[in-house]
């Protein structure tokens, strides 16, 4: 994921829309760990984006913002989604091949 990049402002806008309960100042303090200026040309690597997302999960889970939490898996508390639902179909490497699940052995 480190070869991917997303604009820090685009990431901020998406995170604010996805997690409206998160205070904008808290989100900015998280993003400033990776991009101190939050400038219009600043970008986050994929790894930095996921690290920021992990910190958001910790804060929404009731913890104070602490940069060291980036190394600790966030556990859900049921108050917010800990996963992102896919809006469309999942694409596979062989999109042309239809994937048909096999019936359980008891039904064969």
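In this note's numbering, the protein residues as written are 24 to 131. Cβ coordinates follow ideal geometry from the N, Cα and C atoms, glycine included. Since the model is a prediction, treat every value here as computed from it, not as a measurement.
Rounded to the nearest whole angstrom, the CA to CA distance from residue 37 to residue 71 is 15 angstroms. DSSP places residue 66 inside the beta strand (DSSP E), whose first and last residues are 66-68. Residues of the same chain with a CB within less than 8 angstroms of the CB of residue 88, apart from the 5 flanking positions on each side, are 49, 52, 53, 78, 81, 82 in chain order. Residues of the same chain with a CB within less than 8 angstroms of the CB of residue 35, apart from the 5 flanking positions on each side, are 50, 51, 54, 61 in chain order. Rounded to whole angstroms, the gap between the alpha carbons of residue 64 and residue 30 is 7 angstroms.
Apart from the 5 residues on each side of it in sequence, residue 47 sits with its Cβ closer than 7 angstroms to the Cβ of 39 in its chain, given in chain order. A direct Cα-to-Cα measurement between residue 73 and residue 93 gives close to 9 angstroms. Selection 42, 27, 68, 28 evaluated against residue 84 yields 42 as nearest (Cα-Cα).
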